[in-house]
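Protein chains in written order, with my numbering: chain V, 1 to 504; chain E, 1 to 114. Just so it is clear, CB atoms sit at the ideal spot from N, CA and C, and this is done for glycine as well. Inspection log for the structure reproduced underneath, given as C-alpha cells.
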C-alpha cells in the first residue's frame, strides 16, 4: 500500500518544487500546489477503496515490523479526518489563489501551505506517539509562520502569542511521551494499550487509580487543549485569528485547531491510555466552559474576525462536550459536528475575507462597502450564521441536535439547557453582527454592482454553501455506515484498535 | 537526583514562560524547559555500567547492560524540531523589535489596541 506514505511525501515534494522552481516565477507556485492537492485527493480515493475491504491498513516504514518500527496506520478514524482535511484545504487553496493574487511573495505562502498539509497528514497517519509529536511540530511551525505571513505588527504579535502557547503545549506533550516511555518502554500507540491491558489483567495495579497514568493523561489533556484553545487556555486564539489573512484563518479554525488538538486527544485517550470517567467529565467541563465563555465574549466583539474566533472556540467546545459525554451517539454527534464546524466556520471566514478583499481593492477609499453590494457574500455569511445558530436545513442543526439528544439520553439534562442557552446567545450575537453589516449602506445597488469578489472565491463559497445545505445527508444510513460508523466504532470499543493493528 | 534536576529546570522554564514579559526571556525559558525534558529522556535511558548501544553479536554477554538507544534518537530529533521552532521565534522577535522598538509584550499589546 504505497499510497499511504505518498500522502505525506507528495506535499513535501511540492514544497521542494516550489522553492526550486517558483521563486522567480510566482504564478507557477499556485499551479504546483493545486496539482499536489489533486494528486493527494486521487491517492486518498485509492486508500478509501482499500480501507473499505480490510478495515485498517498498516504501512511499515523500512520493513520494520509493528511494535519496534515506525508505522503509518490508516483506519476508520484516520480516513474520516483525512477526508475533512483534504476537502477543506482544497477549497482553501482555491480561495487563496484568488485572495493572495496581489501579495508580493506568494511562493512563501504556498510553500508553508503544503508543508502544513504534509504535517497534518502525518499527524493523522502516525502510528506511534513520537512520530505524532514530530509531525505535530512540523505542522505547528508551518502554521506559526503562516499566521505571521503578512508581517504587520498585529500579525507578528498574534503569531508570537500563538507560538508561546504552542511551545508550552509541545513541551508538555513531550514530557508526557517521555514519562510514558520511561514507564512502559514502548512508544507505539497500539503497544502501549496492549501493555497496559496486560498489566491490568495481571492485577498488580488498578488502571483507574494509577498515579503515573493519571499524570500522563493530564499532561496530554493540557497539551492538546492548549492546541485546540479550550477555555482555560484560549487566550492565543483571538490574537492569532485577528490579523492573519483569511485563507490562513480558514485553515486555522477549520483544520489546525481540531486536527492538531482533538484528533490526537481521541487517539491517545481512547486508543492508548484508556479513557476513565474522571477524564471524560473533565473534558465535558472544558467543553461546556468553552461553549459558554466563547459565546459570552463574542457578544461584545465588534471586529468580525475576533467575533468569529470566539465563536470558533464555542463551536469546538461543542465537539469536546460531545466526546466528553462518551456514549456512542454522542461521539458520532461530535464527529458530525467536526465536519459541520469545518464547513460553517470556513464559510464564515471566507465571507469575512471577501469583505476585506473588496475593501482593499476598491478604487474609492471611503466607500461604504457592505453586504448590500455583494449579494453572494452576504448569502454565504447568512447561511454560515444560520448553520452555527442551528436552523433546521443547515448542517449545524443536525450535529447539534444529535449532541443534545445524546446528552439527554445519557442523563446530563442540565447540559441540554446550557446548549440551548448558548445557541440563543449565538443567535443574538450573530444578529448583531449581521445587522451592523446590512443596515449601514443605504446607497443604490447599481452604484457598485462590479464589486463582487473574483470567481474562484465565489466558487469556493458556493461549494461550501452546497455542502452546508446537504451535509445532513451524512446522518442517513448508507453514508453513515461508510464514513462515520467505522470511526465511532474504533473509538467506542476500547481494545479493538490494538488488537486490530497488532495481530494483522 | 538527576530527575530532581530535570523537574527543577522544567519548573523554572514553565515559570518563565507563564510570567515573564520580555520576549527574549520567554524564548530562553522555552529553551530551558525543553532541555529539561531532553535531560529527562536521556536519564531514562541510563543503565548502570552500561556501554554504548552497538550490537556486537560475537559477545552476547554484554547485551544485557547496553544503554537504551531509543531515548537518544528521540532527543536528537526533538532537538532538531526545537531548533526550527526557536529559529522561527527569534525571527519573529527581531521583526517585532523592528516594528515596535521594544521587547516588552504588554507595551506591544497597548500599541496594537490604540
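Residue 274 (chain V) and residue 22 (chain V) have their alpha carbons spaced roughly 47 Å apart.
Residues of the stretch 153–168 of chain V that bring their beta carbon within less than 7 Å of a beta carbon in chain E comprise 153, 154, 156, 157, 159, 160, 163, 164, 167, 168, in sequence order. With fewer than 16 other Cβ atoms from the protein chains shown falling within 10 Å of its own Cβ, residue 64 (chain V) counts as exposed. Contact check between the stretch 233–244 of chain V and the stretch 182–201 of chain V: fewer than three CB pairs, one atom from each, fall below 8 Å, which does not count as touching. Per DSSP, residue 111 (chain E) is one residue of the alpha helix (DSSP H) stretching across 105–113.
Using a Cβ-Cβ cut-off of 8 Å, residue 415 (chain V) does not count as an interface residue toward chain E, since no Cβ of chain E sits closer than that to its own.
Secondary structure within the stretch 23–86 of chain E: the alpha helix (DSSP H) runs of 4 or more consecutive residues, fully enclosed, are 23–44 (chain order). Contacts with chain E at 8 Å (Cβ-Cβ) do not include residue 220 (chain V).
Nearest neighbour of residue 377 (chain V) by Cα position, chosen from V:462, V:15, V:259, V:122, turns out to be V:462. Sequence-ordered contacts of the stretch 4–29 of chain V with chain E are nonexistent [C-beta pairs closer than 9 Å]. Listed along the chain, the chain E residues whose CB falls inside 7 Å of the CB of residue 281 (chain V) amount to none; the nearest CB is some 26 Å away. Here residue 75 (chain V) carries a coil assignment [DSSP, helix/strand/coil]. Those residues of the stretch 82–102 of chain E placed with their C-beta closer than 7 Å to a C-beta in chain V are 84, 85, 88, 89, 92, 95, 96, 99, 100, ordered along the chain. Proximity of residue 71 (chain E) to chain V, defined by a Cβ-Cβ separation below 8 Å, is satisfied.
The beta carbon of residue 40 (chain E) sits closer than 8 Å to some beta carbon of chain V. Restricting attention to V:53, V:308, V:160, V:46, the CA atom closest to the CA of residue 95 (chain E) is found in V:160.
Here DSSP, grouped into helix, strand and coil, assigns residue 126 (chain V) to strand. For residue 59 (chain V), the three-state secondary structure derived from DSSP is strand.
Residue 311 (chain V) does not reach chain E, its nearest Cβ partner there being about 21 Å away, counting only Cβ pairs nearer than 7 Å. Restricting attention to V:72, V:99, V:27, the CA atom closest to the CA of residue 455 (chain V) is found in V:99. Neighbours of residue 171 (chain V) in chain E, taken as residues at a C-beta separation under 7 Å, are given in chain order as 33, 34, 37.
Per DSSP, the unbroken alpha helix (DSSP H) holding residue 198 (chain V) starts and ends at 189–202. By the neighbour-count criterion, in which 16 or more other beta carbons inside 10 Å mark a residue as buried, residue 302 (chain V) falls on the exposed side. Along the stretch 130–148 of chain V, going in chain order, the ones with a CB nearer than 7 Å to a CB of chain E are 130, 134, 137, 141, 144, 145, 148. Among the residues of chain V, none has a CB under 7 Å from the CB of residue 66 (chain E); the nearest is roughly 13 Å distant.
Excluding sequence positions up to five before and after residue 269 (chain V), its CB lies within less than 6 Å of the CB of 275, all in the same chain and listed in chain order.
In the displayed model, residue 68 (chain V) falls within coil according to three-state DSSP, outside both helix and strand. Burial is judged here by how many other beta carbons sit within 10 angstroms of a residue's own beta carbon; residue 470 (chain V) has fewer than 16 and is exposed.
Annotation: the continuous alpha helix (DSSP H) that includes residue 293 (chain V) extends over 277–299.
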